[in-house]
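A quick write-up on the structure given underneath.
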């Protein structure tokens, strides 16, 4: 990567190569979005089925909004592989969009984040200052706690060989009004210059606001409370849906009435 200011200039012109690790319901639309914006894209997935389908111009995600937008086989600036080692050396910035499921005992499974990070870091050239961005949903501290020990183990140096950042995915698969190009983004990074450079990059992807919010943990925490608030709202309405019918009161009528107050959000 060039100096962050030069990176930002290249982001504006599309003169960057972007790697996407994980071509699922987040990664594939993201890869397509950056390709449509004029960037050279390398997409990576460990599933050979996924790689074969995307190479053939088919949609492996099950999201119908993606069915007709996967680039056809042989499309320029569109490279798909199952190997991070093949893709990473070509890339100026890597976006990691792997799943973060829970274990059988309801604990976060960060093995995909760690594994994808290791694969990427092992392929980074010394002095390249490649930017690696985690987009997966994680709790505050995960990006640094999971990736920094691997980076140190491999003998890489932040600020010289690579930079790390966090930009949580926010779009709603299957909801065309809130797709990858229609949602605001927040970026956390310990280096403000790199954070600002990434703002310029993501502004090419979305028509909405893109904001550098400070250190990694701020962006990670923002993602968590977004999900928490949504879950609380859903749980509340589910409870109301049980209570009000017993009172012969229509839930929709109640919500519409309450929504006339400025600080009530449906």
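Residue numbers (the numbering used here): 334 to 599.
All C-beta atoms, glycine included, are put in the ideal place defined by N, C-alpha and C.
Here the structure is a predicted model, which is why all the values come from computation and not from measurement.
Partner residues in the beta bridge of residue 518, as assigned by DSSP, are 543. Residue 424 and residue 349 have their C-alpha atoms roughly 8 angstroms apart. With distances taken between CA atoms, residue 500 lies nearest to 542 out of 411, 590, 509, 542.
Beyond the five residues adjoining it in sequence on each side, residue 351 comes within less than 6 angstroms, by CB distance, of 367, 372, 374, 426 in the same chain, given in chain order. Considered as a whole, the segment 535-592 harbours 549-576, 584-591 as its complete alpha helix (DSSP H) runs of no fewer than 4 residues, in chain order. The Cβ atoms of residue 496 and residue 464 lie closer than 8 angstroms to each other. Our two residues, residue 432 and residue 492, have alpha carbons roughly 27 angstroms apart in a direct line. Note that the C-beta distance between residue 555 and residue 527 is not below 8 angstroms.
Scanning the segment 425-510 from its first residue to its last, the whole alpha helix (DSSP H) runs of 4-plus residues come out as 444-456, 475-486. Residue environment: residue 516 is assigned as buried (16 or more neighbouring CB atoms within 10 Å of its CB, all protein chains considered).
In the assembly as shown, residue 582 is an exposed residue. Its beta-carbon has fewer than 16 other beta-carbons within 10 Å.
In this structure, residue 559 sits away from residue 473, with a CB-CB distance that is not shorter than 8 angstroms.
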